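Working notes, structure below.
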Amino acid sequence: MLITLLTDFGAADYFVGALKGAILSLNARARIIDITHEIPAHDVQAGAFTLLAAYESFPPGTIHVAVVDPGVGSARRPLLISTQRYFFVGPDNGLFSYVCEREQDVRVSQLTNEKFFRAPVSATFHGRDIFAPVAAALSNNVPPGAFGELIDDYVRLDPLAPVRDASAAWSAKIIHIDRFGNLVTSITRREVSGEEFDEGAKLEIGGREISSFRRFYAEEAGGPAGELFAIWGSAGFLEIAANRASAAHLLRAERGQRVRVAGLKS
Amino acid sequence: MLITLLTDFGAADYFVGALKGAILSLNARARIIDITHEIPAHDVQAGAFTLLAAYESFPPGTIHVAVVDPGVGSARRPLLISTQRYFFVGPDNGLFSYVCEREQDVRVSQLTNEKFFRAPVSATFHGRDIFAPVAAALSNNVPPGAFGELIDDYVRLDPLAPVRDASAAWSAKIIHIDRFGNLVTSITRREVSGEEFDEGAKLEIGGREISSFRRFYAEEAGGPAGELFAIWGSAGFLEIAANRASAAHLLRAERGQRVRVAGLKS
Amino acid sequence: MLITLLTDFGAADYFVGALKGAILSLNARARIIDITHEIPAHDVQAGAFTLLAAYESFPPGTIHVAVVDPGVGSARRPLLISTQRYFFVGPDNGLFSYVCEREQDVRVSQLTNEKFFRAPVSATFHGRDIFAPVAAALSNNVPPGAFGELIDDYVRLDPLAPVRDASAAWSAKIIHIDRFGNLVTSITRREVSGEEFDEGAKLEIGGREISSFRRFYAEEAGGPAGELFAIWGSAGFLEIAANRASAAHLLRAERGQRVRVAGLKS
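Protein chains in written order, with the numbering used here: chain A, 46 to 311; chain B, 46 to 311; chain C, 46 to 311.
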């Protein structure tokens with residue numbers, strides 16, 4: 046049984062090792078795969094996006110453990126979410142918001158059965174003491190109903206979907222900036238197609254207009270360095286990229302910044 | 046059989062890959078788990094602490110390979126340590142000092158049987174050429190006595206335990222600073238309890254006094270940002286943390302810095 | 046079956062997780078080992094060197110997937126390379142150049158059989174959509190001939206081997222700088238032996254001469270900090286190192302910089 050990990054623990058501390066050890070102590074055959082441990086500290090929205098971009102690559106039945114947990118030890122609830130295809134384990138703070146928007150048959154339960162926790166539960170490391178042992182128990186075929194009661198008021202982030210504004214443009218956001226400096230927007234193929242950029246569609250960001258669209262990063266790479274263009278990224282969102290350069294640097298862009306798609310015919 | 050790795054190799058070089066390949070070449074079924082490869086270069090004390098904080102999470106029988114080895118190729122000895130619960134493989138420079146303080150039935154042997162080494166042994170990479178193949182042989186059920194003779198003069202670091210000073214305060218140290226800026230001290234529940242902070246106990250660091258104690262990071266998080274407090278960390282040590290801020294930045298703290306616990310009734 | 050990964054994806058993004066998930070979706074038993082994901086972005090030569098330094102540590106039959114791919118989506122070809130001992134999967138841009146120089150029975154084929162690709166293939170992430178599924182198919186014992194036709198005009202980088210100049214010195218290059226600041230040169234035991242440094246051989250770099258040779262880093266470590274010396278590194282190349290210091294900082298060295306070996310008797 047596969048268990049993936051996504052956290053803000055960083056790679057330099059003992060946290061990741063302790064969490065893995067806690068899983069393996071309960072199921073020595075569990076297969077643990079790191080998605081990332083480099084979510085910015087306490088940045089729930091960043092964790093929610095990265096989980097969304099990676100989780101569907103894994104086979105059905107995978108248990109995704111995600112821990113970005115500034116409220117550890119407080120009244121925030123620990124959750125198990127089961128969907129048609131996957132399990133998710135982690136804190137109730139919006140981290141699973143985007144995957145829940147996309148998944149079918151979402152059932153959310155609050156982890157209350159302490160029989161499945163490490164004893165004693167520390168007040169500062171639920172990754173090791175609650176989420177790891179619950180994931181290990183799931184991988185040992187404990188049924189999801191054994192961990193606690195269903196709830197329906199779990200925490201949701203603002204939805205990712207762009208909204209149409211008064212001038213019929215789509216108002217969207219930068220939701221991620223990757224290591225290459227590409228700006229991932231919340232715009233999908235439901236809002237605009239690549240072809241529409243040939244017909245007058247343009248992206249607006251920070252007073253700039255981008256009307257060029259490419260199919261791949263190196264297309265027309267011989268052109269001027271720093272030329273900005275739109276491109277479909279591999280997570281299904283429209284990205285803003287720059288020819289042989291970092292769009293993030295060129296535009297001094299920040300996550301959360303507004304982006305508009307204007308000039309649409311319909 | 047589980048083999049964990051803890052090194053100062055960093056993630057960017059070929060070192061970690063080469064070490065893993067050396068293990069898998071001798072035991073294709075070995076399960077390798079990274080604790081961390083981001084111990085600061087040559088920082089034996091940092092490696093010793095991180096190993097201490099992580100090793101007990103793993104199931105009994107786990108083989109812990111740790112390589113922070115500024116003296117590689119010199120006369121410093123390569124070691125195998127077996128205890129009631131675990132095996133440890135790495136250089137004799139104090140790296141296993143803290144775990145040996147905690148473990149029972151500690152037997153330390155010098156690795157001398159070259160039959161278990163990769164040939165030829167390089168003078169610069171014993172991780173790949175000595176420690177990895179010895180760990181692989183152990184995982185293949187070679188008995189610990191086959192690798193070399195027992196010794197008892199292995200290198201020890203200064204003990205972690207705080208000492209009581211003339212004014213009946215505990216004199217301790219910052220032993221680790223984590224990615225969130227929390228300061229891990231060498232103080233444990235043997236020296237002070239959380240309740241004693243309600244009765245006048247206080248932490249002293251760099252001319253500041255900290256008398257507030259919390260059970261979890263987000264307790265009273267609505268208070269002023271930067272408020273300092275003490276808290277039990279997940280490795281069993283008392284930590285100094287700051288409300289929605291980095292205690293390390295606020296206090297300009299450094300590892301090794303002195304901390305005192307004063308105001309104790311007994 | 047072992048599959049190793051070497052990329053420039055970084056650890057913070059969803060790319061590595063998505064690639065691993067794509068492999069495991071096709072072969073849930075595949076064993077995936079990270080060599081590194083910290084190759085500098087788009088730096089094909091750095092990727093080629095790190096792969097060269099790590100790949101031979103793995104057991105025969107290992108499938109090495111390497112993705113440093115600035116031309117993703119363009120006409121650059123996707124490759125499968127099989128040699129006497131290993132498989133390699135990745136883009137045709139020189140990334141496998143150095144390993145092909147060293148391996149026997151090199152057969153290179155262009156990946157054209159879309160049956161083995163993830164559908165639809167994105168234009169920006171062939172790691173997930175082409176290289177991962179092909180590696181998974183190989184690990185499921187699909188024969189190498191099934192993926193496409195053999196080619197012989199694959200992209201090669203400049204060879205690593207030093208050349209002899211008019212004054213009978215070897216002209217070589219810095220090919221890598223490791224995290225400890227050691228400068229890995231392209232000089233091997235074919236060009237010079239350690240003993241020849243006792244007989245007048247010297248390294249020349251940036252106007253400096255280095256005539257001291259050590260067998261291990263800590264040899265004569267009691268001498269002045271910053272003393273420069275030559276040493277055989279664990280990848281089989283001569284390195285320039287500094288006593289308890291970073292040779293890279295002291296020499297302001299850069300990868301690609303010229304190095305000469307002069308003063309040879311023959």
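Beta carbons: idealized from backbone N, C-alpha and C, even for Gly. Note that this is a predicted model, so its numbers are computed, not measured.
Check                                                                                                                                                                : Outcome
Kindly list, in the order they appear in chain B, the residues whose Cβ is closer than 8 angstroms to that of C:F60.                                                 : Per Cβ cutoff of 8 angstroms: no residues; C:F60 is ~15 angstroms from chain B at best.
Short of 8 angstroms Cβ to Cβ, which residues in the stretch 103-120 of chain B face chain C?                                                                        : P115, G116, V117, G118, S119
Tell me where the beta strand (DSSP E) around B:E284 begins and ends.                                                                                                : 283-287
So is B:G278 in contact with chain A if we call contact Cβ pairs under 9 angstroms?                                                                                  : yes
Please list the residues of the stretch 65-80 of chain A that have a C-beta atom closer than 7 angstroms to any C-beta atom in chain B, keeping them in chain order. : K65, G66, A67, L69, S70, A73
Checking 9 angstroms against the spacing of the C-beta atoms, do C:P204 and C:A217 come in under that value?                                                         : no
How would you call A:T120, buried or exposed, if buried means at least 16 neighbouring beta carbons within 10 angstroms?                                             : At residue 120 of chain A the sequence reads Ala, which differs from the Thr that was named. With fewer than 16 Cβ atoms within 10 Å of its Cβ, A:A120 is classed as exposed.
Just how far apart, CA to CA, sit C:D58 and A:E83?                                                                                                                   : 8 angstroms
Applying a beta-carbon distance threshold of less than 8 angstroms, which residues of chain A neighbour C:R173?                                                      : S102, S279
Using the Cα positions of A:V304 and A:D114, report the straight-line distance between them to the nearest angstrom.                                                 : 29 angstroms
Shortest alpha-carbon distance to C:F261 belongs to which of C:G106, C:F103, C:N288?                                                                                 : C:N288
Check distances from the C-beta atoms of the stretch 241-270 of chain B to those of chain A and list, in chain order, the residues that come in under 9 angstroms.   : R259, R260, F261, Y262, A263, E264, A266
For the beta strand (DSSP E) holding A:R253, just list the boundary residues, first then last.                                                                       : 253-255
Using a Cβ cut-off of 8 angstroms, pull out every chain B residue sitting near C:R224, in sequence order please.                                                     : F54, G55, A57, D58, A86
In this structure, does DSSP put A:P178 in helix, strand or coil?                                                                                                    : helix
Using 9 angstroms as the limit for Cβ to Cβ distance, is B:T49 near chain A?                                                                                         : yes
Do C:K65 and C:A177 have their C-beta atoms closer together than 9 angstroms?                                                                                        : yes
Quick check: the Cα distance between A:P105 and C:A67, rounded to an integer number of angstroms?                                                                    : 12 angstroms
Let me know the secondary structure DSSP gives A:T95 once reduced to three states.                                                                                   : helix
If distances are taken between C-alpha atoms only, which option among C:V229, C:L97, C:F225 comes closest to C:G271?                                                 : C:F225
How long is the line joining the alpha carbons of C:Q90 and C:P165, rounded to whole angstroms?                                                                      : 30 angstroms
Quick one: grab the DSSP three-state call for A:D79.                                                                                                                 : strand
With 16 as the cutoff for other CB atoms within 10 Å, does A:H294 come out buried or exposed?                                                                        : exposed
DSSP has B:H109 in a bridge; who is on the other side?                                                                                                               : B:T49, B:F133
So is the beta-carbon of B:L51 under 8 angstroms away from any non-hydrogen atom of the ligand ATP?                                                                  : Absence of the ligand ATP from the depicted structure is noted, as is the absence of any ligand whatsoever, leaving it without description.
How about C:L125 and C:F192: do their beta carbons lie closer than 9 angstroms?                                                                                      : yes
How would you write the range of the beta strand (DSSP E) that A:R234 sits in, first residue to last?                                                                : That residue, A:R234, is in no beta strand (DSSP E); it is neither H nor E in DSSP.
Can you tell me which of the three DSSP states B:H294 falls into?                                                                                                    : helix
Please return the same chain residues whose Cβ sits closer than 7 angstroms to the Cβ of C:V144, not counting the five positions on each side in sequence.           : L96, L97, Y100, F133
For a quick check, are the C-beta atoms of A:W215 and A:V237 less than 9 angstroms apart?                                                                            : yes
Closer than 8 angstroms, Cβ to Cβ, to anything on chain C: give me those residues from the stretch 152-169 of chain B, in chain order.                               : S167, A168, T169
By the criterion of Cβ-Cβ separation under 9 angstroms, what are the contact partners of A:T95 in chain C?                                                           : A57, D58, Y59, G62
Looking only at its own chain, which residues have a Cβ that is under 7 angstroms from the Cβ of A:F94, when we skip the five neighbours before and after it?        : Y143, I220, H221
Mind pulling the chain B residues with CB within less than 7 angstroms of C:E83?                                                                                     : A56, A57
Per DSSP, A:I249 forms a beta bridge with which residues?                                                                                                            : Ile is not the amino acid found at residue 249 of chain A; the sequence shown has Glu there. Answer by DSSP bridge pairing, in chain order: A:E254, A:R305.
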